[in-house]
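*Asks:* One structure follows; several queries about it will come next.
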Amino acid sequence: MIQLNIAPWQYVVSGILAIVIAPMFAPPPAIAAEEESAIARGGRLYDKWFKENKAEKPTTDHAAYPHPGGKYGKDASWRCKECHGWDYRGNEGAYASGKHATGIKGIRAAAGKDPKEIADMLRKPPHGYTEAQLSATDSSDLALFVSKGQIDFATLVEADGKPKGDGAKGEAYFNTLCAGCHGTDGTKIKEAPLGPVSGNAVEMIHKILNGQPGEAMPALRALDPQISADIAVHLQTLPK
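Per the numbering used here, the sequence shown starts with residue 864, numbered consecutively.
The structure is reproduced here in structure tokens:
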């Protein structure tokens, strides 16, 4: 029998190496990754669900919409963002006043709640979404977004609405991640140039994080949200 003379300190070093190296070779957290993807899809459903899931566009005002026949009635009134806002704060946020004001509260208080409870809430009044409008998967993804996908825009956007970030970094991110489709000046997609719509930083960050409903635009949710804010800073320098 061969005996190895191993000093105690060698056991300590081996243990430390095991702790440090093991995570590097651990399999990726597939479930967490799939959930992150579902959250991003939920963010697109929050934006415009009938564009994301190809459901029939509503032709009448939502029952809870307080301005029947108004400019943002009919299909627009069924969009989550129309009442709860791009900042998720509803009547306490950017939609507290102005043409989009409804007096309806936001969804910030629902952050962290059981997604199943939120999904059930979507079926009941005042929301009342049918399965033809939001399937079980749709309602689950949207509920995941409400529960786990909201961000505090105060950390990314100034009180005056300007994004907090580094425009130089944002340009580098944009040119490598986005310009392939949008062009370096944001005008490659002729019907949707970026410069003219870049003024709403909160909307831009929401879309950068989650993607554009019904489009192939990648969601950057898996990355640091500050990257999205940096890109939003750069977007405001593009041709108007």
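For glycine and all other residues, C-beta sits at the position ideal for the given N, C-alpha and C.
#1: Whole angstroms is fine: what's the gap from THR1050's alpha carbon to ALA1035's?
#2: Check for me: the alpha helix (DSSP H) holding HIS963 runs from which residue to which?
#3: I need the DSSP call for TYR874, collapsed to helix, strand or coil.
#4: What number of angstroms, rounded off, separates the C-alpha of ALA1167 from the C-alpha of TYR909?
#5: Mind checking ALA885: buried by the 16 CB within 10 Å criterion, or exposed?
#6: Look at LYS911 and ARG942 and say whether their C-beta atoms are less than 8 Å apart.
#7: Counting Cβ pairs closer than 8 Å, one from the stretch 1086-1095 and one from the stretch 1025-1033, do we hit at least three?
#8: Is the shortest distance between the beta-carbon of SER1002 and the beta-carbons of chain B less than 8 Å?
#9: Alpha carbon to alpha carbon, what distance is there between ALA999 and ASN1063?
#10: Whose C-beta lies closer than 8 Å to the C-beta of PRO1102 among residues of the same chain, with five residues either side of it excluded?
#11: Three-state secondary structure (DSSP) at PRO1059?
#12: Measure the alpha-carbon distance for LYS914 versus GLU1021 and round it to whole angstroms.
#13: Check the C-beta distance from ALA903 over to GLY1033 and give it rounded, since I have them as a contact under 8 Å.
#14: Per DSSP, what are the beta-bridge partners of PRO1026 in this structure?
#15: State buried or exposed for GLY1012, treating a residue as buried only when at least 16 other CB atoms are found within 10 Å of its CB.
#16: Please state the DSSP three-state secondary structure of GLY1043.
#17: Alpha carbons only, please: which of GLU955, GLY956 and GLU919 is nearest the one belonging to ALA939?
#18: Please report the straight-line C-alpha distance between THR1018 and ASN1038, rounded to a whole angstrom.
#19: Between GLN996 and the rest of its own chain, which residues show a CB-CB distance below 6 Å, the 5 nearest in sequence each way excluded?
#20: Assign GLY975 to one of three DSSP states: helix, strand, or coil.
#21: Alpha carbons only, please: which of GLN1089, GLU994, LEU985 and GLY1024 is nearest the one belonging to VAL1009?
*Replies:* From the atom records:
#1: Cα to Cα, THR1050 sits roughly 17 Å from ALA1035.
#2: Counting along the chain, HIS963 falls outside any alpha helix (DSSP H), and DSSP gives it neither H nor E.
#3: Low per-residue confidence applies at TYR874: pLDDT is 43, beneath 50, and the placement is therefore not dependable, though the value from the model is reported in the following sentence. In the three-state reduction of the DSSP assignment, TYR874 falls in the helix class.
#4: With the chain covering only 864 through 1103, there is no way to say anything about residue 1167.
#5: Unreliable placement is indicated for ALA885, whose pLDDT of 44 sits below 50; the coordinate value is still reported in the next sentence. Exposed is the call here.
#6: The answer is yes: Cβ separation under 8 Å.
#7: With contact defined as three or more Cβ pairs closer than 8 Å, the stretch 1086-1095 and the stretch 1025-1033 are in contact.
#8: The structure shown has no chain B; it contains just one protein chain.
#9: Between ASN1063 and ALA999, the alpha-carbon positions lie close to 32 Å from each other.
#10: Non-local C-beta neighbours of PRO1102 in its own chain, meaning closer than 8 Å and more than five positions away in sequence, comprise ASP1048, GLY1049, THR1050, PRO1056 and GLY1058, ordered along the chain.
#11: If DSSP states are grouped into helix, strand and coil, PRO1059 belongs with the helices.
#12: Straight through space, the alpha carbons of GLU1021 and LYS914 are spaced by roughly 30 Å.
#13: Actually they do not touch by this definition, with Cβ atoms about 20 Å apart.
#14: PRO1026 pairs with VAL1020.
#15: So GLY1012 counts as buried.
#16: The answer is helix: DSSP assigns GLY1043 an H, G or I state.
#17: For the residues GLU955, GLY956 and GLU919, the minimum Cα distance to ALA939 belongs to GLU919.
#18: Those two C-alpha atoms are separated by around 24 Å.
#19: So the list reads ALA918, once near-sequence residues are dropped.
#20: In this structure, GLY975 counts as coil in the three-state DSSP scheme.
#21: Looking at the Cα atoms, LEU985 is the closest of the given residues.
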